[in-house]
Amino acid sequence: MEELFAICRTVEIDDGQASGFVLMRMDDDGEPEPWPILITRKGNNFYGFENVCPHQGERLDATPGQFMDEEGNFLTCGHHHAQFDLDTGHCFIGPCQGQKLKTVTLVIDDGDVCVTGVKLFDEDTPGPDDEPDAPEIMITSD
Ligand code: FES
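Once you know that position 28 of the sequence shown is 28 in full-length UniProt numbering, the rest is easy, because the numbers rise by one and skip nothing.
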């Protein structure tokens, strides 16, 4: 079985909302690189995406942690206001209409939202500091 990395508890993300995290993954040279992702929730389903807008490669949350449109229905890029479905990451309006956020594979394990299929550095691995606005997270692996 693939290694699981717990990112947060399921109860920490409200239905219809999104939360952002900056993980540290291994690049092709085995070096740590910051990896911003976001996790959305619709009912009891959770969806993971890379926090990279298909339009210009910016993080969606121009204001850190702010992912939703004013009505709170869709993911919105804070730069040029592309809007994305919470469950598919599909952009239905905006400059990257028709494109999609890149999917991150999630597994729910005993109430934890976990990512899998990537090599992440854990907190004991030396690496560059997380971005200052990123929420502090504890990564554990099974
Ligand atoms: S960078 Fe996201 S809409 Fe332009």
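For each residue, glycine too, the CB sits at the ideal point set by N, CA and C. If you're wondering where the values come from, they're calculated on a predicted model, not measured in any experiment.
For the pair Ile-39 and Met-1, the Cα-to-Cα distance works out to about 22 Å.
Under the DSSP assignment, Cys-114 falls in the beta strand (DSSP E) whose first and last residues are 112-116.
Of all C-beta pairs linking the stretch 55-74 to the stretch 2-12, fewer than three are shorter than 8 Å, placing the two stretches out of contact. Straight across, the Cα-Cα distance linking Glu-70 with Arg-25 is about 32 Å. The closest heavy atom of the ligand FES lies less than 7 Å from the beta carbon of Gly-94. Annotated as proximal: Asn-51 and Gly-20, with beta-carbon spacing under 8 Å.
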